[in-house]
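Sequential numbering from 1 applies to the sequence shown in full-length UniProt numbering.
In this text, a Cβ means the ideal position worked out from N, Cα and C, and glycines have one as well.
Remarks on the structure that follows.
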Amino acid sequence: MVFHETSPPPEVIFLILVIVNALIINRKNMFLNNLQMRTQIVVFCLTEVNQILWFKYNAKFQDS
């Protein structure tokens, strides 16, 4: 896979795939236990934070 200058780092892509997988599992099994649900929420929050930091980092270098 070729990463261009504006594409997100591989970590962000990996976390997005994890979120999509968790959402698919959630649709198949609506009765998740608390540990699975908490894990999904934590992964989702980490993904959002990672994306925000990446866009700030990217914008910082575009401005200079």
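Taking the CB atoms as reference points, tell me whether Thr-47 and Ile-13 lie closer together than 7 Å.
Taking the sequence shown and counting its residues from 1, the one referred to as residue 47 is at position 47. Taking the sequence shown and counting its residues from 1, the one referred to as residue 13 is at position 13. Result no, Cβ atoms of Thr-47 and Ile-13 do not sit closer than 7 Å.
When you compare only the Cα positions, how much space is there between Leu-35 and Pro-9?
As a first step, residue 35 is located in the sequence shown; it is residue number 35 there, counting from the start. As a first step, residue 9 is located in the sequence shown; it is residue number 9 there, counting from the start. Going from the Cα of Leu-35 to the Cα of Pro-9 covers about 28 Å.
Assign residue 114 to one of three DSSP states: helix, strand, or coil.
The shown model of the chain, from 1 to 64, leaves out residue 114, and the question about it has no answer.
Nearest-angstrom Cα separation, counted from Phe-61 out to Ile-41
The residue given as residue 41 occupies position 41 in the sequence shown. The residue given as residue 61 occupies position 61 in the sequence shown. About 31 Å.
What is the C-beta distance between Glu-11 and Asn-50, in whole angstroms, given that I count them as a contact (C-beta under 8 Å)?
Position 11 of the sequence shown holds residue 11. Position 50 of the sequence shown holds residue 50. Contact holds; Cβ gap of about 6 Å.
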